[in-house]
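K.L.:
Each residue of the sequence shown is one higher than the one before, counting from 1 in UniProt numbering. One structure coming up, written as structure tokens, with questions to follow.
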Amino acid sequence: MDWQTTKKDFKRYLEFERNLSGNSVHAYLNDVRKLEVYCEDLNLEIEKLTAQHIQHFLLWINEFALSPFTQARLLSGLKTFFNFLQIEYDLTANPCELIETPRLTRKMPSVLNIEEIDSLINAIDLSKPEGMRNKAIIEVLYGCGLRVSELINLKISNLFLDVEFIKVEGKGNKERLIPVGQQAIKYLKIYMDDIRVHQSIKSGKEDFVFLNRRGSPLSRVMVFIIVKDLAQKIGLQKEISPHTFRHSFASHLVEGGADLRAVQDMLGHESITTTEIYTHIDKDYLQSVITQFHPRS
Numbered sequence: 001m002d003w004q005t006t007k008k009d010f011k012r013y014l015e016f017e018r019n020l021s022g023n024s025v026h027a028y029l030n031d032v033r034k035l036e037v038y039c040e041d042l043n044l045e046i047e048k049l050t051a052q053h054i055q056h057f058l059l060w061i062n063e064f065a066l067s068p069f070t071q072a073r074l075l076s077g078l079k080t081f082f083n084f085l086q087i088e089y090d091l092t093a094n095p096c097e098l099i100e101t102p103r104l105t106r107k108m109p110s111v112l113n114i115e116e117i118d119s120l121i122n123a124i125d126l127s128k129p130e131g132m133r134n135k136a137i138i139e140v141l142y143g144c145g146l147r148v149s150e151l152i153n154l155k156i157s158n159l160f161l162d163v164e165f166i167k168v169e170g171k172g173n174k175e176r177l178i179p180v181g182q183q184a185i186k187y188l189k190i191y192m193d194d195i196r197v198h199q200s201i202k203s204g205k206e207d208f209v210f211l212n213r214r215g216s217p218l219s220r221v222m223v224f225i226i227v228k229d230l231a232q233k234i235g236l237q238k239e240i241s242p243h244t245f246r247h248s249f250a251s252h253l254v255e256g257g258a259d260l261r262a263v264q265d266m267l268g269h270e271s272i273t274t275t276e277i278y279t280h281i282d283k284d285y286l287q288s289v290i291t292q293f294h295p296r297s
């Protein structure tokens with residue numbers, strides 16, 4: 001059993017059987033590569049690795065000042081790798097199986113309130129050609145809770161604005177339908193009918209909704225820049241990114257009493273545990289209300 005062959009087979013497994021995205025596949029293989037480097041230094045063979053070896057590896061990798069989150073993800077990646085080896089190569093035991101994941105403190109994501117979102121949208125300069133596009137971008141990010149990768153890959157053929165839905169392709173190429181509100185529909189239509197229609201579009205890119213000046217789909221970096229520039233323009237003290245609008249979308253739905261399963265479906269979360277973080281945000285909000293307004297607080 002050698003590293004190169006097992007990594008190649010593991011890559012195929014992740015791509016074709018697990019149907020993971022390119023970024024996820026790269027992360028898994030990067031985890032395995034770290035272990036490979038460690039084993040090569042000590043002349044250890046894959047099939048002879050024990051739980052003690054993995055523990056020593058984790059101590060070694062900890063010298064690089066990795067966060068507990070990174071260590072937990074690394075261990076999870078290695079467990080998946082050895083599970084694969086058990087299935088495909090008849091490895092007798094998974095050396096990661098009994099190793100505990102580092103304890104993690106769940107970090108609450110930053111969210112915006114309605115006034116902050118309105119201020120950001122109102123700061124967009126509509127006198128510029130890209131102004132209406134940027135307004136549609138913010139409305140869709142907040143109105144649908146999209147990841148930035150889902151936004152930049154949004155297709156015209158997946159807009160069903162007459163029935164107030166859009167279809168997006170999320171992680172692992174999984175498609176989902178998301179309701180879209182009137183504000184997002186309004187500015188999407190204005191952008192496409194009044195701005196985008198006058199652009200020259202690169203061949204093969206005609207179906208992408210959001211385009212740059214050269215007629216190509218927007219990059220992730222460009223969306224980050226748009227959001228950061230708006231935050232700077234209004235003097236917003238919070239550190240925000242396009243993902244902040246997704247957090248705000250979910251948090252405001254939960255605050256308003258939305259069913260957690262429905263929010264999970266709209267966000268495209270595999271596990272409801274991921275969605276439950278927004279109930280904690282809601283509790284923090286309620287606590288702040290009591291602290292601010294209750295006479296005995």
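The C-beta atom is built at its ideal place from N, Cα and C for all residues, glycine as well.
Could you check where the alpha helix (DSSP H) with P242 kicks off and where it finishes?
P.N.:
Start and end: P242 to E255.
K.L.:
Have a look at I290 and V111 and give me their C-alpha separation to the nearest angstrom.
P.N.:
Bear in mind that the predicted position of I290 carries a pLDDT of just 49, short of 50, making it too unreliable to give a figure here.
K.L.:
On the DSSP letters alone, give me the boundaries of the beta strand (DSSP E) that I166 sits inside.
P.N.:
Run containing I166: F165 to E169, per the beta strand (DSSP E) assignment.
K.L.:
Taking the C-alpha atoms as reference points, what is the distance between F10 and F84?
P.N.:
Each residue's alpha carbon lies about 7 Å from the other.
K.L.:
Could you tell me the alpha carbon to alpha carbon distance between residue 298 and R213, rounded to whole angstroms?
P.N.:
Given that the chain is displayed from residue 1 to residue 297, the structure contains no residue 298 and the question cannot be resolved.
K.L.:
Put E150 into one of helix, strand or coil per three-state DSSP.
P.N.:
Residue state, collapsed to three classes: helix.
K.L.:
In whole angstroms, give me the CA-to-CA distance for A258 and Y142.
P.N.:
Between A258 and Y142, the C-alpha separation is close to 16 Å.
K.L.:
Would you check if the stretch 204-223 and the stretch 61-81 touch, i.e. whether three or more CB-CB distances between them fall below 8 Å?
P.N.:
Contact between the stretch 61-81 and the stretch 204-223 is absent, because fewer than three Cβ pairs lie under 8 Å.
K.L.:
What is the residue span of the alpha helix (DSSP H) that E97 lies within?
P.N.:
Element bounds for E97: n/a, residue is neither H nor E.
K.L.:
For R196, which residues in the same chain have their Cβ closer than 7 Å to its Cβ, ignoring the five residues on either side in sequence?
P.N.:
Excluding sequence neighbours, R196 sits near L211.
K.L.:
Please classify K155: does DSSP put it in a helix, a strand, or coil?
P.N.:
Three-state result, K155: strand.
K.L.:
Measuring only the C-alpha atoms, how far is A262 from F165?
P.N.:
Roughly 15 Å separates the two Cα atoms.
K.L.:
Helix, strand or coil for E88 per DSSP?
P.N.:
Looking at E88 - three-state DSSP - the assignment turns out to be helix.
K.L.:
Select from F57, K238, V180 and L146 the residue whose C-alpha is nearest the C-alpha of S269.
P.N.:
The sequence given here has His at residue 269, not Ser. Among F57, K238, V180 and L146, the Cα nearest to that of H269 belongs to L146.
K.L.:
Check each candidate in D229, H252 and N23 and name the one with the smallest Cα separation from G131.
P.N.:
Nearest option by C-alpha distance: D229.
K.L.:
Using 8 Å as the threshold, is the stretch 111-120 in touch with the stretch 244-253, meaning 3 or more CB pairs across them?
P.N.:
In short, these stretches touch, since the Cβ pair count reaches three.
K.L.:
Once the 5 residues before and after I156 are set aside, which same chain residues still bring their CB inside 7 Å of it?
P.N.:
So the qualifying residues of the chain are D207 and V209.
K.L.:
Can you grab the Cα-Cα spacing for the pair K48 / E17, in whole Å?
P.N.:
So the two alpha carbons sit approximately 27 Å from each other.
K.L.:
Using the C-alpha atoms, what's the distance from V223 back to L159?
P.N.:
Roughly 20 Å between the two C-alpha positions.
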